[in-house]
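Visitor: Going letter by letter, the sequence shown gives residues 1 to 249 in the UniProt record's numbering.
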Amino acid sequence: MRRRSESYSGGVADSDRLYFRQLLSGRDFAAGDMFATQMRNFAYLIGDRATGDAVVVDPAYAAGDLADTLEADGMRLSGVLVTHHHPDHVGGSMMGFQLKGLAELLERAQVPVHVNTHEALWVSRVTGISLADLTPHEHRDKVTVGAIEIELLHTPGHTPGSQCFLLDGRLVAGDTLFLEGCGRTDFPGGDSEAMYRSLRELAQLPGDPVVFPGHWYSAEPSAPLSEVKRSNYVYRAANLDQWRMLMGS
Numbered sequence: 001m002r003r004r005s006e007s008y009s010g011g012v013a014d015s016d017r018l019y020f021r022q023l024l025s026g027r028d029f030a031a032g033d034m035f036a037t038q039m040r041n042f043a044y045l046i047g048d049r050a051t052g053d054a055v056v057v058d059p060a061y062a063a064g065d066l067a068d069t070l071e072a073d074g075m076r077l078s079g080v081l082v083t084h085h086h087p088d089h090v091g092g093s094m095m096g097f098q099l100k101g102l103a104e105l106l107e108r109a110q111v112p113v114h115v116n117t118h119e120a121l122w123v124s125r126v127t128g129i130s131l132a133d134l135t136p137h138e139h140r141d142k143v144t145v146g147a148i149e150i151e152l153l154h155t156p157g158h159t160p161g162s163q164c165f166l167l168d169g170r171l172v173a174g175d176t177l178f179l180e181g182c183g184r185t186d187f188p189g190g191d192s193e194a195m196y197r198s199l200r201e202l203a204q205l206p207g208d209p210v211v212f213p214g215h216w217y218s219a220e221p222s223a224p225l226s227e228v229k230r231s232n233y234v235y236r237a238a239n240l241d242q243w244r245m246l247m248g249s
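#1: For the ligand ZN, I want to know if residue 36 counts as a neighbour, meaning its beta carbon is within less than 6 Å of at least one of the ligand's heavy atoms.
#2: Indicate whether residue 134 and residue 153 have their beta-carbon atoms separated by less than 7 Å.
#3: From the DSSP output, in three-state form, read off residue 202 for me.
#4: May I have the straight-line CA-CA distance separating residue 44 from residue 244, to the nearest angstrom?
#5: Taking DSSP as the reference, what is the three-state secondary structure of residue 187?
#6: Excluding five sequence neighbours on each side, which residues of the same chain lie with their C-beta closer than 6 Å to the C-beta of residue 224?
#7: I need the straight-line Cα distance from residue 112 to residue 48, nearest angstrom please.
#8: Less than 6 Å between C-beta atoms, sequence neighbours within five positions excluded: which residues of the same chain meet that for residue 178?
#9: Would you call the region 225-244 and the region 54-74 in contact, with 3 or more CB pairs under 8 Å?
#10: For my contact list, residue 77 and residue 91 are in at a C-beta cut-off of 8 Å; report their separation, rounded to the angstrom.
#11: Residue 226 by DSSP, collapsed to three states: which one?
#12: Who are the near neighbours of residue 142 in its chain, counting only those whose CB is closer than 8 Å to its CB and skipping five residues on each side?
#13: What is the residue span of the beta strand (DSSP E) that residue 244 lies within?
#14: Take every Cβ of the region 104-119, pair it with every Cβ of the region 68-86, and state whether three or more of those distances are shorter than 8 Å.
#15: Please classify residue 34: is it buried, with 16 or more other beta-carbons within 10 angstroms of its beta-carbon, or exposed?
#16: Quick check for students: name the residue ranges of the alpha helix (DSSP H) that lie wholly in the region 69-94, counting only runs of 4 or more.
#17: Taking residue 110 as the reference, give the member of 248, 56, 21, 125 with the closest Cα.
#18: DSSP state of residue 110, grouped into three classes?
#19: Pick helix, strand or coil for residue 174, following the three-state DSSP scheme.
#20: Since residue 99 contacts residue 155 with CB under 8 Å, what's their CB separation in whole angstroms?
#21: For the beta strand (DSSP E) that residue 23 lies in, which residues bound it at each end?
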């Protein structure tokens, strides 16, 4: 491992290159939007401070605010990462509200939209964005933002193509894993047994990454995976039969 003083790029130390922001809907963006405030979604900005490249994770509300934040921080939009297709994460029609989301962001810049291959059609249908404008990925594909490498983990259960993002000791977990609970599996495309398997796989990740969920449904906005495994009821089931009993499925 390089010491902080040993490697620089463009005047930025390797250890300082990661740009990472967790933003809460209704507070940090989409301020004053009551629906965004009630949904308590997190969006994420991830980038390389040395190159200025950055991606947005799950732009659903006031996507222009997210782009403005990047610009204010001296970063430029180079892509979008999508955890799953639900409108509160990518835009679309939801409970009588029309969220511009991803489509609004692409009006600002035509950039790659990284989705799991099993989610691409769903994202296209919900947002109206053509399949040609989506970049499909398989499990454990990697997306590089400047020199920052992000691993894409396929975690079906909440939706068929849900994915989480692993980078630099952080797990951006979308609606697969919350600090308390997990994503619902009773929506179209949900699969309780697939969720069980996905949660088991996340539990085995090395290095105890910090979990950053897709919604703020807990006291804290993030926590180490080891702590989540100790406190989250979804990890009480020791096998699939216990899981079925726990989830009532």
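Glycine is no exception: its CB is placed at the ideal position from the N, C-alpha and C atoms.
Guide: Based on what the coordinates show:
#1: Of ligands this structure carries none, so the ligand ZN is not represented either.
#2: Within the sequence shown, numbered from 1, the residue matching residue 134 stands at position 134. Within the sequence shown, numbered from 1, the residue matching residue 153 stands at position 153. For residue 134 and residue 153, no; Cβs fall outside 7 Å.
#3: Looking up residue 202 in the sequence shown gives position 202. Helix at residue 202.
#4: Within the sequence shown, the letter at position 44 stands for residue 44. Within the sequence shown, the letter at position 244 stands for residue 244. Taking the straight line from one Cα to the other gives about 32 Å.
#5: Here the question's residue 187 lines up with position 187 in the sequence shown. Coil at residue 187, not helix or strand.
#6: Looking up residue 224 in the sequence shown gives position 224. Contacts found: 208, 210.
#7: In the sequence shown, the residue the question calls residue 112 occupies position 112. In the sequence shown, the residue the question calls residue 48 occupies position 48. For residue 112 and residue 48, the distance between alpha carbons rounds to 17 Å.
#8: Position 178 of the sequence shown, counted from the first residue, corresponds to residue 178. Answer for residue 178: 213, 217, listed in chain order.
#9: no
#10: Taking the sequence shown and counting its residues from 1, the one referred to as residue 77 is at position 77. Taking the sequence shown and counting its residues from 1, the one referred to as residue 91 is at position 91. In fact, because the Cβ distance is near 16 Å, the residues do not count as touching under 8 Å.
#11: Walking along the sequence shown from the start, residue 226 turns up at place 226. Reduced to three states, the DSSP call for residue 226 is helix.
#12: Working through the sequence shown from its first residue, we reach residue 142 at position 142. Contacts found: 149, 150, 151, 152.
#13: Within the sequence shown, residue 244 is the residue found at index 244, counting from 1. Residue 244 -> not in any beta strand (DSSP E); alpha helix (DSSP H) instead, spanning 240-247.
#14: yes
#15: The residue you call residue 34 lines up with position 34 of the sequence shown. Exposed is the call here.
#16: 87-90
#17: For this step, residue 110 is matched to residue 110 along the sequence shown. Among 248, 56, 21, 125, the Cα nearest to that of residue 110 belongs to 56.
#18: Sequence index remark: in the sequence shown, residue 110 carries index 110 (1-based). DSSP places residue 110 in coil when its eight states are reduced to three.
#19: Within the sequence shown, numbered from 1, the residue matching residue 174 stands at position 174. Of the three classes helix, strand and coil, the one that applies to residue 174 here is strand, per DSSP.
#20: One-based indexing of the sequence shown puts residue 99 at position 99. One-based indexing of the sequence shown puts residue 155 at position 155. That belief does not hold up - the Cβ atoms of residue 99 and residue 155 are roughly 23 Å apart, past 8 Å.
#21: Counted from its first residue, the sequence shown places residue 23 at position 23. Segment 18-24, the beta strand (DSSP E) holding residue 23.
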